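In my numbering, the protein residues as written are 2 to 148.
In this text, a Cβ means the ideal position worked out from N, Cα and C, and glycines have one as well.
Model, not experiment: these values are computed from the prediction.
The structure appears below as structure tokens.
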Amino acid sequence: MPMHSVRDRTATALIIMLDVAFHSIASRPVSTIDIADRSGLARRGIEPIVQSLARSGLLQGVRGPHGGYRLGHPAGEILLADIYRATMHDDAPAEWRRGTLFNTVVRPFLDQVEGILTHEYSKVTLHDFVRQAETRGLQRPPASFSI
Numbered sequence: 002m003p004m005h006s007v008r009d010r011t012a013t014a015l016i017i018m019l020d021v022a023f024h025s026i027a028s029r030p031v032s033t034i035d036i037a038d039r040s041g042l043a044r045r046g047i048e049p050i051v052q053s054l055a056r057s058g059l060l061q062g063v064r065g066p067h068g069g070y071r072l073g074h075p076a077g078e079i080l081l082a083d084i085y086r087a088t089m090h091d092d093a094p095a096e097w098r099r100g101t102l103f104n105t106v107v108r109p110f111l112d113q114v115e116g117i118l119t120h121e122y123s124k125v126t127l128h129d130f131v132r133q134a135e136t137r138g139l140q141r142p143p144a145s146f147s148i
């Protein structure tokens with residue numbers, strides 16, 4: 002089973018959340034198939050991250066033939082730090098986590114970097130990301146778009 006880095010999971014979670022915020026018009030759900038197609042990511046690869054985001058309340062699942070996911074909160078209330086925290090797992094093997102070098106040198110460094118990232122992620126909302134996409138010329142689906 003491949004171990005994905007926190008950075009990879011975070012980047013994937015940011016892509017998923019931005020896709021849902023950008024493409025969900027009038028609270029219409031966005032399917033994981035569409036997210037995978039637009040992002041170039043494998044659907045089976047994004048599913049565990051989507052589930053983590055849903056468990057954290059950042060996404061809300063909608064069942065049914067036109068189901069998918071929509072934001073669990075307004076984009077302006079979702080900080081990138083919230084998304085980052087939802088993707089955090091301590092998935093390192095137990096023997097590696099207990100190693101003296103890891104606990105003495107690597108763990109403190111990673112904790113410091115995590116603090117810096119969380120601080121920076123706390124400055125930006127998902128709405129800010131949506132605005133950046135619009136400012137850079139990306140077109141959102143029209144409000145009259147139907148499934």
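Alpha carbon of residue i to alpha carbon of residue j, nearest angstrom
| i | j | result |
| --- | --- | --- |
| E48 | L72 | 16 Å |
| E135 | H120 | 25 Å |
| I36 | I17 | 7 Å |
| S57 | I117 | 22 Å |
| V51 | A87 | 10 Å |
| S25 | G65 | 16 Å |
| D112 | T101 | 16 Å |
Backbone secondary structure at residue i - three-state DSSP
| i | result |
| --- | --- |
| T149 | Any question about residue 149 goes unanswered here, given that the chain covers just 2 to 148. |
| A144 | coil |
| S1 | Since the first residue shown for the chain is 2 and the last is 148, residue 1 is missing from the structure and cannot be characterised. |
| I16 | helix |
| G100 | coil |
| I26 | coil |
| L139 | coil |
| P75 | coil |
Bounding residues of the beta strand (DSSP E) (the contiguous stretch that carries residue i)
| i | result |
| --- | --- |
| L72 | G69 to L72 |
| G62 | L60 to V63 |
Beta-bridge partners of residue i, as assigned by DSSP
| i | result |
| --- | --- |
| T126 | L80 |
| V31 | Y70 |
Start-to-end residues for the alpha helix (DSSP H) that takes in residue i
| i | result |
| --- | --- |
| V51 | R44 to R56 |
Local Cβ density within 10 Å of residue i, reported as buried at 16 or more and exposed below that
| i | result |
| --- | --- |
| S53 | buried |
| I34 | exposed |
| G114 | Going by the sequence as given, residue 114 is Val instead of Gly. V114 should be labelled exposed. |
| A1 | Beyond the ends of the chain as shown, which are 2 and 148, falls residue 1; an answer cannot be given. |
| F110 | exposed |
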